[in-house]
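Participant:
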Amino acid sequence: MLSIEALANRIICEAVEQNATDIHITPKQKESVLQFRIANHLINHLVISANECDKLISHFKFTASMDIGERRKPQNGSISTTVKGQYIGLRLSTLPSHPHESLVIRILSDQNMLPIYHISLFPNISRKLISLLKHAHGLIILTGPTGSGKTTTLYSLLNENAHLYQRNVISLEDPIEKTQENVLQIQVNEKAGITYSTGLKAILRHDPDIIMVGEIRDKETAHIAIRASLTGHLVLSTMHTRDAKGAIHRLLEFGIKETEIEQTLIAITAQRLVEMVCPFCDKDCSPNCYRLDNRLKRSTVFEMITGRMISDILYNRTETKRANYKSLGDIICKGIALGYIKKGEYERWIYDEK
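In the working numbering, the protein residues as written are 991 to 1344.
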């Protein structure tokens, strides 16, 4: 029988080899289930005893410098390791569930950096994203639900910027998911007094050209991001909204004036990770199909609002639905018609769009 340390190492290695994004250790009364999230599907990987599960979770918590004796409160931690010479970051989250504590491990791999021109299913959007980097100042917002690839898109944009331009780029993240050599990365640490708002104020005094803010999540952060873009900085950030138009309404809720939005906002994108049709499996592709790389089983589709369309939404003009404007629903339908995207993705991502 493997030792707990050997079992933990084996689980991490197998998860990385299968391109899993998360490891779920879910406790049960008699035995516990260990699952991998692969291409957005939870796949049962291993069944272990409840006793082994407790020891395994305690081992991961100890390695991540978490309190192994505290099981009544949620905890977060992180581990850095290498698998076959590849740097891997692990982000741990525990919950005091019944009957035992549960653990989820997010796998953050530096090798998963995709070039920006490989991000979008349709190349014309990739070209538009790259063109946004030409701006010297302004605000670019990427929206979408958790797990839609917003952070991956931001990293790819910054990586492309390093190849095209010589600019001082500073990021403020919670947490830092991928290490970028060309970016000065700052970790939000509220215990040390580094919040999004205080961190942004400090960054503005550090002569940045481009500022990446992990997320605009409150009124103060929104105002500082707007001020930074008004004073000659290019600001890239994310928001959790249903569509691109929702980001404008959220900024208005944060007290940003319409004139400030019109002067600073360059573009808003809404993105979704959609499942692709596997050319080998005909219909539903098994998550364990190794004939297609798991990273190629999904691709990103974008809705983008720029220029005049932003003004139309701000002032409730009826011509918002322009001929060249394609919503997420339009783009997903196009992908389905061309045979790229699974048919069920429209119902999955588009709700009551008219």
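The beta carbon of each residue, even a glycine, is placed where N, CA and C say it ideally should be. It should be emphasised that the depicted structure is a prediction, and the values quoted were computed from it without experimental measurement.
From which residue to which residue does the beta strand (DSSP E) around histidine 1125 run?
Facilitator: First-last for histidine 1125: undefined, no H or E at that position.
Participant: Starting from the C-beta of alanine 1152, find all residues in its chain whose C-beta is less than 7 Å away, skip the five residues before and the five after it, and write them out in chain order.
Facilitator: Cβ neighbours of alanine 1152 beyond the five flanking positions: Asn1172.
Participant: Measuring alpha carbon to alpha carbon, tell me which of His1239, Asp1199, Ile1238, Ser1187 ends up nearest alanine 1215.
Facilitator: Of the candidates His1239, Asp1199, Ile1238, Ser1187, the one whose C-alpha sits nearest the C-alpha of alanine 1215 is Ser1187.
Participant: Check whether the segment 1225 to 1244 and the segment 1123 to 1141 are in contact - that is, three or more C-beta pairs closer than 8 Å.
Facilitator: Flag = yes, the segment 1225 to 1244 and the segment 1123 to 1141 touch.
Participant: Please classify alanine 998: does DSSP put it in a helix, a strand, or coil?
Facilitator: Helix.
Participant: If contact is defined by three or more beta carbon pairs under 8 Å, each pair taking one atom from either stretch, is the segment 1106 to 1113 in contact with the segment 1177 to 1186?
Facilitator: The segment 1177 to 1186 vs the segment 1106 to 1113: no contact.
Participant: Determine, using beta carbons only, whether valine 1225 and isoleucine 1201 come nearer to each other than 8 Å.
Facilitator: Yes, Cβ-Cβ distance for valine 1225 and isoleucine 1201 is below 8 Å.
Participant: Can you give the Cα-Cα distance for leucine 1194 and lysine 1018, rounded to whole angstroms?
Facilitator: Computed Cα separation, rounded: 50 Å.
Participant: Would the beta-carbon of leucine 1046 fall within 8 Å of that of isoleucine 1013?
Facilitator: Cβ atoms of leucine 1046 and isoleucine 1013: not closer than 8 Å.
Participant: Helix, strand or coil, according to DSSP, for lysine 1006 in the structure here?
Facilitator: In the sequence on display, residue 1006 carries valine and not lysine. Note: valine 1006 maps to helix in three-state DSSP.
Participant: For proline 1165 and isoleucine 1038, what's the separation of their Cα atoms in angstroms?
Facilitator: About 31 Å.
Participant: Just list the residues that DSSP pairs methionine 1229 with in beta bridges.
Facilitator: BP columns for methionine 1229 point to Thr1133.
Participant: At the level of alpha carbons, what is the spacing between threonine 1310 and glutamate 1293?
Facilitator: Caution applies to threonine 1310, whose pLDDT of 49 falls short of 50 and renders its modelled position unreliable; the value that the coordinates give is listed next. Straight-line Cα distance between these residues: approximately 14 Å.
Participant: First and last residue of the alpha helix (DSSP H) that includes aspartate 1302?
Facilitator: Looking at the DSSP string, the run of the alpha helix (DSSP H) that includes aspartate 1302 is 1298 to 1304.
Participant: Near asparagine 1034, which residues of its chain fall below 7 Å by C-beta distance, leaving aside the five closest residues on each side in sequence?
Facilitator: Around asparagine 1034: Val1023, Gln1025.
Participant: Between arginine 1262 and serine 1138, how many whole angstroms is the CB-CB distance? I'm expecting something under 8 Å.
Facilitator: Confirmed, Cβ separation roughly 5 Å.
Participant: Helix or strand or just coil, what does DSSP make of threonine 1310?
Facilitator: Bear in mind that a pLDDT of 49 at threonine 1310, under 50, signals an unreliable position, so the number given afterwards is only what the model happens to contain. Three-state DSSP puts threonine 1310 in a helix.
Participant: DSSP puts leucine 1318 in a beta bridge; with which residues?
Facilitator: Beta-bridge pairing links leucine 1318 to no other residue.
Participant: When DSSP labels each residue in this structure, what does threonine 1185 get in the three-state scheme?
Facilitator: The answer is coil: DSSP assigns threonine 1185 none of H, G, I, E or B.
Participant: Taking the straight line between their C-alpha atoms, what separation do you get for aspartate 1057 and proline 1086?
Facilitator: Distance between the alpha carbons of aspartate 1057 and proline 1086: 13 Å.
Participant: Determine the contact status of lysine 1333 and isoleucine 1326, defining contact as a CB-CB distance below 8 Å.
Facilitator: A contact, by the Cβ cut-off of 8 Å.
Participant: Name, in chain order, the residues that DSSP records as bridge partners for arginine 1262.
Facilitator: DSSP output for arginine 1262 lists Val1291 as bridge partner(s).
Participant: How would you call glutamate 1091, buried or exposed, if buried means at least 16 neighbouring beta carbons within 10 angstroms?
Facilitator: Classification for glutamate 1091: buried.
Participant: Is it buried or exposed, serine 1116, if we count other Cβ atoms within 10 angstroms and call 16 or more buried?
Facilitator: By the neighbour-count rule (16 or more Cβ atoms within 10 Å), serine 1116 is buried.
Participant: With distance defined between alpha-carbon atoms, name the residue in His1031, Lys1074, Leu1241, Thr1211 nearest to serine 999.
Facilitator: Strictly speaking, residue 999 in this sequence is asparagine, with serine absent from that position. Nearest option by C-alpha distance: Lys1074.
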